[in-house]
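Its first residue numbered 450, the sequence shown is counted upward by one per residue in our numbering.
Where is the CB? At the ideal position from N, CA and C, for every residue including glycine.
Quick caveat: nothing in here was measured; it's all calculated off a predicted structure.
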Amino acid sequence: MARVAFIGLGNMGGGMAANLAKKGHDVRAFDLSAEALARAKEAGCLPAASVEEALDGAEAVITMLPAGKHVEGVYADAVFAAAPQSAILIDCSTIDVATAKRIAEAASAKGYAAVDAPVSGGIAAANAGTLTFMVGGSAEAFDRAQPFLADMGKAVIHAGSNGTGQVAKIANNMLLGITMIGTCEAFLLAQKLGLDAQKFFDIASVSSGQSWSMTSYAPLPGVGPDTPADHDYQGGFAAALMLKDLRLAMEAASTANTGTPLGARAAELYEKFNADGQGGTDFSGIIRMLDAKA
C-alpha cells in the first residue's frame with residue numbers, strides 16, 4: 450500500500466479519502482475545515498496541519514477542490530514545491546478544460562506526471578467507493594494513477610490526453626442536465642393529461658424515451674428505485690453543482706465554437722432554479738419549478 454496525500458475533504462473528497470484508507474493506504478489528509486479533518490480521522494486518515502505536511506513522502510497526490518483556481522493555486526503554492534517528484538499527481542476536481550491542460554503542462558515542466566480524473570456518481574457513490582473516473586493524461590500516467598482510482602470507484606476509463614477527462618465530464622453532465630429536464634417535463638405532461646406516474650414510468654422505462662434520468666433517478670417520489678425525490682429532494686447531486694458543470698460546458702462550447710442550444714437552455718433553467726434559493730436541492734427537484742411555471 451502507498452502513502453497518499455489527499456487535499457480537499459468536502460462532500461465528495463471525504464468519502465473518497467475514507468475509501469483509500471479502508472483499502473490500506475496511508476492517507477495524509479488536509480482540508481481547511483476542522484470538522485472535515487475530524488471526520489477523516491474517524492475514517493482512518495491521518496489529518497495534516499498543512500498541505501505541505503500532507504505531501505511529505507507522498508507516492509500519490511489527490512486533489513478534490515471546488516474550482517480551477519483552487520487547484521492551480523494548490524499546485525503552484527505547495528505541490529510543485531513539496532511533493533516528491535516520484536509522486537503521481539491526480540486531480541479529481543471538476544474544472545475547466547483550459548486550466549486542466551495548463552496544470553498538466555506546468556507539472557510536466559517540473560518533472561511530474563499528472564492526470565485529470567473527474568468523477569461521476571455523486572456523494573453516495575463517493576462514500577460507497579463506486580465512482581466512475583474519466584481520466585485525461587498519458588498512457589504511462591494513467592497506468593500509475595489507475596490503482597489509486599480503482600480503490601475509490603467501480604470504473605476507471607482513460608479518455609485520452611490531459612484535459613480530455615474534463616471534456617468527458619462536462620459533456621456527460623450537460624447531457625444529464627438536458628435529459629433530467631426532459632424527463633421532468635414528460636412526467637408532468639403525462640400527469641396533467643391523466644396518466645398515472647407509475648404507469649408512465651413502467652412504459653417509458655422500457656420504451657424509446659428511456660434514459661438514466663428516468664429509470665435510475667426518477668424525479669417523482671414513489672416511482673422507480675429510491676431517489677432524492679423520495680427524500681424531499683435532499684442528498685444526491687446538488688443543483689448548484691449541476692449549474693457549475695453546465696456553466697463549464699457553455700464556456701467550453703464557446704471556446705470550441707460549437708452550438709449547444711439545449712445545453713444553453715438547461716443552463717438558463719438551472720440558473721433560475723439556483724436563483725430561487727434551490728442550490729442545495731437535488732438537481733431533479735427542478736421538476737417543482739417546472740410544475741410551478743406551468
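Which of helix, strand or coil DSSP assigns to Ile-544:
Counting from one through the sequence shown, the residue named residue 544 turns up at place 95. Correct three-state label for Ile-544: coil.
Where does Arg-714 land, buried or exposed, given buried means 16+ other C-beta within 10 angstroms?
On the sequence shown, position 265 is the one that residue 714 refers to. By the 10 Å Cβ count, Arg-714 comes out exposed.
Inspect the beta-carbon positions of Met-699 and Ala-575 and report whether they are closer than 8 angstroms.
Indexing the sequence shown from 1 puts residue 699 at position 250. Indexing the sequence shown from 1 puts residue 575 at position 126. No, the pair does not count as a contact, with Cβ atoms beyond the cut-off.
Taking the alpha-carbon of Ala-563 as reference, which of Thr-581, Asp-592, Gln-683 has the nearest alpha-carbon?
One-based indexing of the sequence shown puts residue 563 at position 114. Comparing Cα positions, the closest option is Asp-592.
By alpha-carbon positions, which one of Ile-627, Ala-527, Met-738, Gly-570 ends up nearest to Val-500?
Counting from one through the sequence shown, the residue named residue 500 turns up at place 51. For the residues Ile-627, Ala-527, Met-738, Gly-570, the minimum Cα distance to Val-500 belongs to Ala-527.
Exposed unless 16 or more other CB atoms sit within 10 angstroms - verdict on Met-513
Numbered from its first residue, the sequence shown carries residue 513 at position 64. So Met-513 ends up on the buried side.
Do you know offhand how far Lys-518's Cα is from Phe-686's?
Position 69 of the sequence shown, counting from 1, holds the residue named residue 518. Position 237 of the sequence shown, counting from 1, holds the residue named residue 686. Computed Cα separation, rounded: 22 angstroms.
Helix, strand or coil, according to DSSP, for Phe-479 in the structure here?
Translated into the one-based positions of the sequence shown, residue 479 becomes position 30. Three-state result, Phe-479: strand.
Measuring straight from C-alpha to C-alpha, what distance separates Ser-656 and Gly-626?
Locating residue 656 in the sequence shown gives position 207, counting from the first residue. Locating residue 626 in the sequence shown gives position 177, counting from the first residue. If you take the alpha carbons of Ser-656 and Gly-626, they lie about 20 angstroms apart.
Pro-710 - DSSP class collapsed to helix/strand/coil
Along the sequence shown, one-based indexing puts residue 710 at 261. Three-state DSSP puts Pro-710 in a helix.
Integer Cβ distance of Val-476 from Val-453, believed to fall under 8 angstroms
In the sequence shown, the residue the question calls residue 476 occupies position 27. In the sequence shown, the residue the question calls residue 453 occupies position 4. Contact flag correct, Cβ pair sits at about 5 angstroms.
Whole-angstrom distance between Asp-505 and Ala-531, CA atom to CA atom:
Taking the first residue of the sequence shown as 1, we reach residue 531 at position 82. Taking the first residue of the sequence shown as 1, we reach residue 505 at position 56. The straight-line gap from Cα to Cα measures roughly 7 angstroms.
In chain order, which beta strand (DSSP E) runs of at least 3 residues are fully inside the region 598-654?
602-609
Distance, Lys-603 Cα to Ala-507 Cα:
Locating residue 507 in the sequence shown gives position 58, where the first residue counts as 1. Locating residue 603 in the sequence shown gives position 154, where the first residue counts as 1. If you take the alpha carbons of Ala-507 and Lys-603, they lie about 24 angstroms apart.
Buried or exposed for His-680, going by 16 or more other Cβ atoms inside 10 Å?
On the sequence shown, residue 680 is found 231 positions in, with the first residue counted as 1. So His-680 counts as exposed.
Looking at C-alpha atoms only, which residue of Lys-693, Ile-537, Lys-559 is the closest neighbour of Pro-515?
Here residue 515 is taken as the residue at index 66 of the sequence shown, counted from 1. Pro-515 has its Cα closest to that of Lys-693, out of Lys-693, Ile-537, Lys-559.
Taking 8 angstroms as the cut-off, does the region 649-665 touch the region 633-640 (at least 3 CB pairs, one atom from each stretch)?
yes
6 angstroms CB neighbourhood of Ala-497 in its chain, flanking five on each side removed:
Within the sequence shown, the letter at position 48 stands for residue 497. Same-chain partners within the cutoff: Arg-477, Phe-479, Ala-503.
Short of 7 angstroms in beta carbon distance, which residues of its chain neighbour Arg-696, apart from the five on each side in sequence? Order them along the chain.
Taking the sequence shown and counting its residues from 1, the one referred to as residue 696 is at position 247. Closer than 7 angstroms at Cβ, skipping near neighbours: Ala-716.
Use the C-beta contact count for Ser-662: other C-beta atoms within 10 angstroms, 16 or more gives buried, fewer gives exposed.
Here residue 662 is taken as the residue at index 213 of the sequence shown, counted from 1. Ser-662 should be labelled buried.
Give me, in chain order, the residues of the same chain whose beta-carbon lies closer than 7 angstroms to that of Ile-619; leave out the 5 immediate sequence neighbours on both sides.
For the purposes of this step, residue 619 is identified with residue 170 of the sequence shown, where counting begins at 1. Closer than 7 angstroms at the Cβ level, and outside the excluded window around Ile-619, lie Asp-694, Leu-697, Ala-698, Ala-701.
Helix, strand or coil at Ser-587 according to DSSP, with G and I counted as helix:
For the purposes of this step, residue 587 is identified with residue 138 of the sequence shown, where counting begins at 1. Of the three classes helix, strand and coil, the one that applies to Ser-587 here is coil, per DSSP.
Run the CB neighbour count on Met-583, radius 10 Å, all protein chains shown included, and call it buried at 16 or more, exposed below.
For this step, residue 583 is matched to residue 134 along the sequence shown. That one is buried.
Between Ala-741, Ile-630, Gly-729, which has its C-alpha nearest Leu-711's C-alpha?
Here residue 711 refers to the residue found at position 262 when the sequence shown is read from its first residue. Checked all of Ala-741, Ile-630, Gly-729; the closest Cα to Leu-711 is Ile-630.
Collapsed DSSP secondary structure at Val-672 in the structure displayed
Counted from its first residue, the sequence shown places residue 672 at position 223. Note: Val-672 maps to coil in three-state DSSP.
Residue from Ala-599, Val-568, Gly-586 whose Cα sits closest to the Cα of Arg-551:
In the sequence shown, the residue the question calls residue 551 occupies position 102. Nearest C-alpha to Arg-551: Gly-586.
To which residues does DSSP link Arg-452 through a beta bridge?
If you number the sequence shown from 1, residue 452 lands on position 3. In the DSSP output, where bridge partners are listed per residue, Arg-452 has Asp-475.
Consult DSSP for Phe-582 and reduce its assignment to one of helix, strand or coil.
Locating residue 582 in the sequence shown gives position 133, where the first residue counts as 1. Correct three-state label for Phe-582: strand.
Can you list, in chain order, the residues of its chain with a C-beta nearer than 6 angstroms to that of Gly-729? Leave out the 5 residues immediately preceding and following it.
Residue numbering aside, residue 729 sits at position 280 when the sequence shown is read from its first letter. If we look at Gly-729 and ignore the five residues flanking it on each side, its Cβ neighbours are Ala-687.
Exposed or buried, Ser-542, counting other C-beta atoms within 10 Å across all chains shown (16 or more means buried)?
One-based indexing of the sequence shown puts residue 542 at position 93. Under this definition Ser-542 is a buried residue.
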